[in-house]
Ligand SMILES: Nc1ncnc2c1ncn2[C@@H]1O[C@H](COP(=O)(O)OP(=O)(O)O)[C@@H](O)[C@H]1O
Ligand SMILES: Nc1ncnc2c1ncn2[C@@H]1O[C@H](COP(=O)(O)OP(=O)(O)O)[C@@H](O)[C@H]1O
Ligand SMILES: [Mg+2]
Ligand SMILES: [Mg+2]
Ligand SMILES: [Mg+2]
Ligand SMILES: [Mg+2]
């Protein structure tokens, strides 16, 4: 297995230890995979928490910090956390102003967070919920749990994180989070699979000349398998699917994100950014902010996703606010 | 080839276009692969430039910005830039206070930059030189060009970049750069090869259960090929080689960097950080600053390097100074 | 065999745990085909925790024992499986309330309640290609079993119905859980939850027969 | 053939360019073994630029023509190859100063000066397993050639010496360029620069013989 691991079972635990060793402003409760801000909770600020499967780093444990999440409680690699992790995390971050649950829309996450919310509320904790489902690859249908939450999650966290620092109420944050989710759309593609440490083998097979269009961040198959084609053509396909879903229209102010899925070098991400930005320009979308890097990954998968977020003055202001998290350059 | 590219020959050009599209404060001269700060040169500040092979992004074009490089002029993937690129870049960044050449110690780079310096000086441009050679994997010897420059480069740029903003002279910057280089040491290891776009095939073969210890950032073989072993043991080997080379001693204040080589997910980098940080603690090295991420890569290679930098008050202050470059999170 | 006692319930849970642990890799491999390869690990994590304090679990009643199992599963099982299997044990625990032993009708009622609980928890319907499509036909077979006092016969009929569901649902489209994202591409693959339920039921019958 | 003229020099450069372009992938593959797989591309980039403005290059003298080639190589060739081949052409240009045709002693002097220039530029010595270890024996063979007026014979002897160096240096340790980082591991591999020099020299002799 081409991975830097010790005992695969300790993968999440040791990663969390690394994060806390490198960031003295964060603490952890290893038993529940919880990483949290040492200065939280505070009764004058809504606490914001999240936790889905691990393997999507920096989401979610490396997004804990001032102006972003107050705590995260991931599960095993690609597994929603057990209900109890969520409940403990909610208890730990209990605040008079309430606790906001940011949930990525997967069946397992939904159930764990629903149950934890019920229990927390029985204990008198005020809980608000925002569900994130920005992935346009999967057709929304009443038969399924609906669309997946992917890289758009970053923008929901950033916006509610900034607003919470400014003192917004739980209700306001729920509205804001839902609003961000309603104007953000993503879609990804992958050239390689990824290998969950406990599995030790790639999660799917893919030919040397193949690409998975619309791939999920857990290695779920996407819309279809295609032959590799030039980068610009891949961008065109994802970009158009994302653009047409909202739809984004000429004159819209947008944030454009090229998110790496973990194994794609930043050289390629910038090459892809070029193609996407040129498409935006041609369509009259005004790129006000841009994001090129790994935000929501699938372990070491070689792939990327495009996210577009429609902006307004309030969102622009919230995205520009200061924040401090483990992923940083200096 | 598992890469997002169009025509492989346009790889560097299109990446540069992406960087400039995403960062309006930067400009480019495509003919010479030059990326530069739109607000530079200025006669009251030394200009700092660099350019080695491409494929090591974010080094060097994504390290251009306030408090870091003023311009970069990379060559093709893994090839030192032609002498003329360096000369044009030096001319473009000409300043009364001089131009600082930060050169990574490779034969091709040394020759191109030497020739360009001779020519620039003939044109009356004041040029200073710092050569970076932090890789302890390769034994220094009078027969060879010496040690390679790898991730330690980041710290040289950061320090001289900050000092230049504060008005330091060319001579002071040369001294400072040499001083940083004299107290920084690195070594890396890789699990996979990488595929230069123009080559279309992996640059070396490596078995499913093998690791290359001491790998170079151009896919050069390292000290030896080994069987994959637990992450902590790999860290031990690299850490000890780095520590013993300076040597770093109990009581030293250090910056610790775990640098990803391009294809290693940040989850693994933090797991590796944990192991390295624990070793530092055990040895009495005080980690004052830490860096976990991709700083100097080898395309999509799965691998990492450990860098230790010995700090003093001046260096700590320079590392903490504000800087603004294309790689960023928000 | 007409009734089962707390000891039998213990044996059943222990057998489920053994199956989960023995098949950890196999169940994850099944999940890897169209899902995310974690089903085996998640289930094994839960049942490993169940086995850990095995001797010290509350055994005052069938209800308290099953409730304890439910709590442990919820605390230690990730993915969809935690809430689903936690709900399964919780509903069974509630169904056993006040009873020191369980007849076939008791057991059928408990499992029906578990099915309803799982439906409510995860929104799945019968036919969505989830473990419900093993549980439901199994319970139906037990309901239709002509000799209510022949518990083992009824269990065997149930287990066989669950086993039949493994291949019987192969051609279906998954509509819940991670596999559902693939839509039509899930046709032709096995649902790991169905395989797990069938495997456990067969093992349970075997163990109960050995004891009887 | 006793002397070569500007037209012959043009043919020589053109032949070098053809070899570089035809072997772009092969030379990079050789470099991939212990180096960084860019040698073929770098060399081809340089010579592609040489061919681009081919008809418009300054042809007032052998010196001005070769100086122009040197400048183009320096401007367009990355890696070690730019400075090294740029230096090669620059030294040859300087050696041809004032001459309208070149005798064997002229050519030998030009190449000796080129070898010195490359040594000074990159610090390599004879024996470091670089293209100098093809150039140097080639020049030596030309120096030892008994019939100075038989230029083609001398060239053939030089080309053969360079070709012999391909396998002759295989067992050496590389001490310069990217391959040197591998130390002992470079033993048993071919140096791409040596292969390129030998291939070019053989092609040059062939072309000159065809013309003669
Ligand atoms: N909503 C649901 N209701 C009932 N069973 C479900 C549901 N979703 C998934 N399952 C069952 O759980 C199994 C997958 O479990 P697991 O791998 O833990 O979940 P996840 O999809 O979160 O990775 C499926 O094979 C299916 O039988
Ligand atoms: N210092 C040197 N002097 C002479 N020739 C050299 C030197 N370094 C490398 N070479 C030659 O150049 C060839 C490699 O060129 P190239 O691949 O462009 O360089 P790099 O090592 O920078 O990738 C080697 O095969 C060798 O023959
Ligand atoms: Mg899962
Ligand atoms: Mg090179
Ligand atoms: Mg699963
Ligand atoms: Mg090379």
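Residue numbers (the numbering used here), protein chains in the order written: chain A, 1 to 330; chain B, 1 to 330; chain C, 1 to 212; chain D, 1 to 212.
Glycine residues also receive a C-beta, built at the ideal position from the N, C-alpha and C atoms.
Residue 42(C) belongs to the set of residues whose beta carbon lies under 7 Å from a beta carbon in chain A.
Taking 7 Å as the CB threshold, residue 23(C) stays off the interface with chain A.
The DSSP-derived three-state label of residue 43(A) is coil. Counting only heavy atoms of ligand 5, the residues whose C-beta sits closer than 6 Å to one of them are, along the chain, 31(C), 35(C), 36(C), 38(C), 39(C), 79(C) and 178(C). Residue 193(A) holds the alpha-carbon nearest to the alpha-carbon of residue 216(A) among 228(A), 121(A), 193(A) and 235(A).
Nearest CB-CB separation between residue 91(A) and chain B: not below the 7 Å threshold. Here the distance from the Cβ of residue 79(A) to the nearest heavy atom of ligand 3 is below 6 Å.
Burial state of residue 302(A) is buried, judged by a 10 Å Cβ sphere holding 16 or more other Cβ atoms. Taking the beta carbon of residue 203(A) as reference, the chain C residues within 8 Å of it are 32, 36 and 37, listed in sequence order. Only those residues of the segment 228-256 of chain B whose C-beta falls short of 8 Å from the nearest C-beta of chain A are listed: 228, 230, 231, 232 and 234.
Residue 291(B) carries a strand assignment under DSSP once its states are collapsed to helix, strand and coil.
Judged by beta-carbon spacing, residue 262(B) lies beyond the 7 Å limit of residue 202(A), meaning their Cβ atoms are not closer than that value. Residue 134(C) sits buried, since 16 or more C-beta atoms from the chains shown fall within 10 Å of its C-beta. Proximity of chain A to residue 113(C) at the Cβ level (cut-off 9 Å) is not reached, the minimal Cβ distance being about 17 Å. Look at the segment 74-97 of chain C: the residues with a C-beta under 8 Å from a C-beta of chain A are 74, 75, 76, 77, 78, 79, 80, 81, 82, 83, 84 and 86. Taking one beta carbon from each stretch, the segment 282-300 of chain A and the segment 247-260 of chain A have 3 or more pairs nearer than 8 Å; the two touch. No Cβ of chain B is located within less than 7 Å of the beta carbon of residue 36(A). Chain order gives no chain A residues near residue 171(C), where near means a beta carbon separation below 7 Å; the closest approach is about 17 Å. Between residue 99(A) and residue 127(A), the CB-CB gap stays under 7 Å. Against chain A, the CB of residue 288(B) has no partner CB under 7 Å away; the residue lies outside that interface.
Judged by DSSP in its simplified three-state form, residue 5(C) adopts strand. Residue 26(B) is bridged by DSSP to 37(B). Short note on residue 198(C): C-beta not closer than 6 Å to any heavy atom of ligand 1.
Residues of chain C whose Cβ lies closer than 7 Å to the Cβ of residue 218(A) are, in chain order, 36 and 178.
Distance from the CA atom of residue 323(A) to the CA atom of residue 254(B), rounded to whole angstroms, is 26 Å.
Taking 7 Å as the cut-off, the beta carbon of residue 207(D) is found no closer than this to the beta carbon of residue 174(D). Inter-residue distance for residue 7(B) and residue 28(D) is about 18 Å (C-alpha atoms, whole angstroms). Collapsing the DSSP output to three states places residue 133(D) in a helix. Comparing C-alpha distances from residue 44(A) to each of 35(A), 70(A) and 97(A) shows the shortest one belongs to 97(A).
Beta-bridge pairing by DSSP links residue 301(B) to 262(B). Assignment of residue 93(B) by DSSP, reduced to helix, strand and coil, places it in the coil class. The Cβ of residue 270(B) sits closer than 7 Å to at least one Cβ of chain A. Annotated three-state conformation of residue 189(C) is coil, per DSSP.
Using a Cβ distance threshold of 7 Å, residue 65(B) and residue 321(B) do not count as a contacting pair. Flagged as an interface residue toward chain A: residue 267(B), by a C-beta distance shorter than 7 Å. The beta carbons of residue 18(B) and residue 271(A) sit closer together than 7 Å.
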